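Protein chains in written order, with the working numbering: chain G, 1 to 360; chain V, 361 to 681.
Right, one structure below, let's go through it.
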Amino acid sequence: MELRIDNRKKVAFPRINHYDYAIRYIVEQGIGAQFILLPPATKKTSELGSKYSPDYACAPFKHSLGSLIEALEAGAEVLVETGGLCRLDYYGALQKEIIRELGYRCDFINLAEYMGGSKKEWIRLARHINPKLNPAKLVTGAYEGVKMAEYMDEIEAMYYRNAGFEAEKGSYKKVYRQFLMEMQIAESGQEIKRGYQRAKQALEELPLKMPENPVRIGVVGEYYTIMDEHSNQFLQEKLINLGASVHRFMNITNCHFRAKETALRPRIREYAQYSMGPTTTWTINSAMDYAKQGFDGIIHVKSFGCTPEMDAIPVLQNISRDYHIPVLYLSYDLQESDTGLDTRLEAFYDMLERKKKVLR
Amino acid sequence: MKKAYLGIDIGSISTKGVIINEENEILAQCYLWTEGNPMNASKNVLHELKSQFDAANSREEYKIVASGTTGSARKLVGSMIGAQVVKNEITAHAVGTTTLHPDVRTILEIGGQDSKIICVENGVAVDYAMNTLCAAGTGAFLSSQAHRLGVEVEEFGEIALKAKKAAPIAARCTVFAESDLVHKLQVGCPKEEIIAGLCKAVAGNYLNNVAKGKKIVAPVVFQGGVSKNAGVVRMFEEELGMPVLVDENGHLMGAFGIAVLAKESQDERAFSFDVADMEFKTREVTCGKCANHCEIICVYRDGMLIDSWGNRCDNGAIKQQ
């Protein structure tokens, strides 16, 4: 028997929805290191995170710290934390300290230090993880990983838009799960593309029982909480189970590759003249779009104490008044039970549905 | 035989029940404390409704064909009595109030642990908001302060109306309000002024928090347990500058609304008062199949499992025998 020892470094990144799969792809196929792919987050993750977090840190901090600790327990050697436009930029530094004080020995890469850096520095960073780095492979790997994220965004959007009306119960979910599974194990750009095409075709072929005027709900809000299902307690899944068509503009593709902040700002001139911080421009822009397209309702999602999104609330109230569209505001911390959320969502959906019946 | 509909609203503090006929007239009604035991409370409600029903000899005339439950224990009691409709209290209140007051534009509601505002247009709810995260300025807050002051919460309104002015009390947060209140007591402020201040604080807190950004248009209906407090009603009228209507059946509105919804569902099944005498038990099971440790609630009727919920994934689904 041949004994193969895996010398690759074990890299981990905090969980964020299913984007883990794309990051795994970049790390494994591009950089040539090993990625610690964690199982879906549980209550244990958030408990771990909040136990070692400062009390006033927002929920995303706690979730990502919990993920990092779980990754360390799973054998990670290199932790990567991202930077951002709000407090997030400081999170890496703080988490590095917390993890060091907990006594874990690992390499901590804080991407905040590399933001805005030159290409050379990024390549040096990748070389640090894998000294035998092949730059050409890194470029294709990164490209295909990004492509995977885009495909996942597209299929996810399709899923939440239509799954509430599937003719056969569970048929949408089955295809969607299969697709995510394929992305999780994909090893080449071809596999990614094939998985995507198959899923898209399968979803398009599934019969729908779409009413003439379905209840359409747009979800807007803060970057992490809105995208990460575990953080928002499966908000979109709950909405499709109630029977709504759910739309969400905010995702990696739209936020980073398609709609730049500077491009969106002129569109929302009416409501905001300058950028109010991280994702507020996207929040306001998509809320305005949903209102203009005649959506039935908007749900605003943020983590508790998220200042930029708090600033966006008065603007959303203006939009709500001008376009006559109800907005439900949700604020997430680490909650134990779903009951409060379920009540609010059910009431919101019922209201939209009854309104439709009476006003049409 | 005419048709009748049953609605039960099981709140954190009180449990309400009504029976209505097809013309939405209340045939029997009941209001009592939940006392932390929703199953017992709803059994008592059923007993009370049954005796009222018998006393009026309505049992020969009416037959209950549908039932509904609402309030925080709706699911439990719903599976207990086999209700056709199990709906949240916001929808129930909106439906109930718009049925009784078709011209209403704004519904203010302060209950034991939550408060909400519902905006109505053309007889249908178009927007709502509910308090988040904190129970400041709800019925529970008022009754705990009444306890501190040594008066019954039912007398609050009367005492507040006697006061010449209201003591300023911050209501942003229950804890801060309490320290303000203690301070006022220590400097010798008269009790009625403090009580008036509390009522003002509740109204102010509601308008600044729950109703923030919502346009309040007359006619305004105020309901929920706190609406029985005349002091809070007056403070609302002063703050809003418009009359605030309190329905004498305002406390029953949730139960009434869910009965109306049960009627609308047109899903008819004979209802029997026998459930009030059956034995129900609930058991909480912690699922150990993943680290989520969901608490699964199982409901048993006479030892038989009739319903279960609380699992987040299929792994925790309990198979019914």
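Glycine included, each C-beta is placed from N, C-alpha and C at the ideal position.
Keep in mind that this is a model prediction, so the values were computed, not measured.
Counting Cβ pairs closer than 8 Å, one from the stretch 436 to 446 of chain V and one from the stretch 568 to 587 of chain V, do we hit at least three?
-> Short answer: they don't touch.
List the residues of chain G whose Cβ lies closer than 8 Å to the Cβ of G483/V, in chain order.
-> Working through the second sequence from its first residue, we reach residue 483/V at position 123. Close partners of G483/V in chain G (Cβ separation under 8 Å): V358.
Along chain G, which residues have their Cβ under 7 Å away from the Cβ of M490/V?
-> The sequence position of residue 490/V within the second sequence is 130, counting from 1. Listed along chain G, the residues sitting closer than 7 Å to M490/V by beta-carbon distance are R344.
Whose CA, out of K137/G, L88/G, Y104/G, lies closest to the CA of M115/G?
-> For the purposes of this step, residue 115/G is taken as the residue at position 115 of the first sequence. For M115/G, the nearest C-alpha among the options comes from L88/G.
Does the distance from the C-beta atom of P278/G to that of C86/G stay below 7 Å?
-> The residue you call residue 278/G lines up with position 278 of the first sequence. The residue you call residue 86/G lines up with position 86 of the first sequence. In contact: P278/G and C86/G (Cβ atoms closer than 7 Å).
Within 7 Å (strictly less), CB to CB, does M351/G reach chain V?
-> Here the question's residue 351/G lines up with position 351 in the first sequence. Output row for M351/G: interface = yes.
What does H247/G pair with, by DSSP beta-bridge criteria?
-> The residue you call residue 247/G lines up with position 247 of the first sequence. Residue pairing by DSSP places H247/G opposite G218/G in a beta bridge.
So who's on the other strand from Q197/G, going by DSSP bridges?
-> On the first sequence, residue 197/G is found 197 positions in, with the first residue counted as 1. Answer by DSSP bridge pairing: none, since Q197/G is not bridged.
Alpha carbon of S337/G to alpha carbon of A571/V, nearest angstrom | Translated into the one-based positions of the first sequence, residue 337/G becomes position 337. Translated into the one-based positions of the second sequence, residue 571/V becomes position 211. Approximately 25 Å, taken between the alpha carbons.
N404/V versus Q505/V - alpha carbon distance | Taking the second sequence and counting its residues from 1, the one referred to as residue 404/V is at position 44. Taking the second sequence and counting its residues from 1, the one referred to as residue 505/V is at position 145. C-alpha separation (whole angstroms): 29 Å.
Taking only runs that begin and end inside the stretch 540 to 616 of chain V, name each unbroken alpha helix (DSSP H) of 4 or more residues, in chain order.
-> Whole alpha helix (DSSP H) segments, 4+ residues: 551 to 568, 590 to 600.
Tell me, to the nearest whole angstrom, how far the beta carbon of A364/V is from that of I424/V; I am working on the premise that it is less than 8 Å.
-> As a first step, residue 364/V must be located in the second sequence, where it is residue number 4. As a first step, residue 424/V must be located in the second sequence, where it is residue number 64. Confirmed, Cβ separation roughly 5 Å.
Quick one: what's K423/V bridged to in DSSP?
-> Within the second sequence, residue 423/V is the residue found at index 63, counting from 1. Beta-bridge pairing links K423/V to K363/V.
Taking the C-alpha atoms as reference points, what is the distance between S118/G and N232/G?
-> Translated into the one-based positions of the first sequence, residue 118/G becomes position 118. Translated into the one-based positions of the first sequence, residue 232/G becomes position 232. Distance between the alpha carbons of S118/G and N232/G: 35 Å.
Complete beta strand (DSSP E) runs within the stretch 27 to 68 of chain G (minimum length 3 residues, chain order) = No beta strand (DSSP E) of 3 residues or more sits fully in the stretch 27 to 68 of chain G.
Tell me whether the beta-carbon of A619/V lies closer than 7 Å to the beta-carbon of G371/V.
-> Position 259 of the second sequence, counted from the start, is the residue given in the question as residue 619/V. Position 11 of the second sequence, counted from the start, is the residue given in the question as residue 371/V. In terms of Cβ geometry, A619/V and G371/V do not form a close pair [threshold 7 Å].
One or two residues paired with S303/G in a DSSP bridge | The count along the first sequence starts at 1 and reaches residue 303/G at position 303. Answer is Y332/G.
Going along chain V, which residues have a C-beta under 9 Å from P211/G?
-> Within the first sequence, the letter at position 211 stands for residue 211/G. Those within 9 Å of P211/G in chain V number zero; the least Cβ separation is about 18 Å.
Thinking I98/G and Y52/G are a contact (beta carbons under 8 Å), I'd like their distance in whole angstroms, please.
-> Numbered from 1 along the first sequence, position 98 holds the residue referred to as residue 98/G. Numbered from 1 along the first sequence, position 52 holds the residue referred to as residue 52/G. 5 Å between Cβ atoms; contact.
Within the stretch 103 to 180 of chain G, note down every full beta strand (DSSP E) run reaching 3 residues or more, in order along the chain.
-> Qualifying beta strand (DSSP E) stretches, in chain order: 107 to 110.
How would you label A527/V, buried or exposed, when you count the other beta carbons within 10 angstroms and need 16 or more for buried?
-> As a working mapping, residue 527/V is identified with position 167 in the second sequence. Under the 10 Å beta carbon count, A527/V is surrounded by 16 or more other beta carbons and is classified as buried.
By the criterion of Cβ-Cβ separation under 7 Å, what are the contact partners of Q317/G in chain V?
-> Mapped onto the first sequence, residue 317/G falls at position 317. Simply G573.
Per DSSP, which one or two residues make a beta bridge with L665/V?
-> What you label residue 665/V is simply residue 305 of the second sequence in a count that begins at 1. DSSP output for L665/V lists Y660/V as bridge partner(s).
Can you find at least 3 beta carbon pairs, one from the stretch 214 to 222 of chain G and one from the stretch 101 to 114 of chain G, that sit closer than 8 Å?
-> Cβ pair count under 8 Å is below three, so no.
7 Å Cβ cut-off: residues of chain V touching P326/G = On the first sequence, residue 326/G is found 326 positions in, with the first residue counted as 1. Going along chain V in sequence order, the residues near P326/G (Cβ under 7 Å) are V486, D487.
Does N384/V come within less than 7 Å of chain G when only Cβ atoms are used?
-> As a position in the second sequence, residue 384/V is number 24, starting the count at 1. Chain G, which has no Cβ nearer than 7 Å to the Cβ of N384/V, makes this no.
First and last residue of the beta strand (DSSP E) that includes L208/G?
-> To locate residue 208/G, count along the first sequence from 1; it is residue 208. Neither: L208/G is in no beta strand (DSSP E) and is coded neither H nor E.
Quick one: what does DSSP say G476/V is sitting in, helix, strand or coil?
-> Residue mapping note: residue 476/V aligns to position 116 of the second sequence, counting from 1. The sequence given here has Lys at residue 476/V, not Gly. Taken through DSSP and simplified to helix, strand or coil, K476/V comes out as strand.
Pull up the distance between the alpha-carbon of D472/V and that of W393/V, whole angstroms please.
-> In the second sequence, the residue the question calls residue 472/V occupies position 112. In the second sequence, the residue the question calls residue 393/V occupies position 33. It is Gly, not Asp, that sits at residue 472/V in the sequence shown. In this structure, the straight-line span from the alpha carbon of G472/V to that of W393/V is close to 11 Å.
R248/G versus Y196/G, E154/G, Y271/G, K209/G, residue with shortest Cα-Cα distance = Translated into the one-based positions of the first sequence, residue 248/G becomes position 248. Ranked by Cα distance from R248/G, the options Y196/G, E154/G, Y271/G, K209/G are led by E154/G.
From A149/G to M158/G, what distance separates their C-alpha atoms?
-> On the first sequence, position 149 is the one that residue 149/G refers to. On the first sequence, position 158 is the one that residue 158/G refers to. In a straight line, the C-alpha of A149/G is about 14 Å away from that of M158/G.
Using 7 Å as the limit for Cβ to Cβ distance, is A347/G near chain V?
-> Working through the first sequence from its first residue, we reach residue 347/G at position 347. Closer than 7 Å: yes.
Which residues DSSP lists as bridging G676/V, in chain order | Mapped onto the second sequence, residue 676/V falls at position 316. Looking at the DSSP assignment, G676/V forms no beta bridge with any residue, so it has no partner.
Along chain V, which residues have their Cβ under 7 Å away from the Cβ of T281/G?
-> What you label residue 281/G is simply residue 281 of the first sequence in a count that begins at 1. In chain order: nothing, as chain V lies at least about 21 Å away.
Could you please tell me which residues of the stretch 639 to 654 of chain V, in chain order, have their CB closer than 8 Å to any CB of chain G?
-> If you check each beta-carbon in the stretch 639 to 654 of chain V against every beta-carbon of chain G, the ones closer than 8 Å belong to C650, A651, N652, H653.
Within this structure, are the beta carbons of A556/V and A523/V separated by less than 7 Å?
-> Residue 556/V sits at position 196 when you count from the first residue of the second sequence. Residue 523/V sits at position 163 when you count from the first residue of the second sequence. The Cβ atoms of A556/V and A523/V sit closer than 7 Å to each other.
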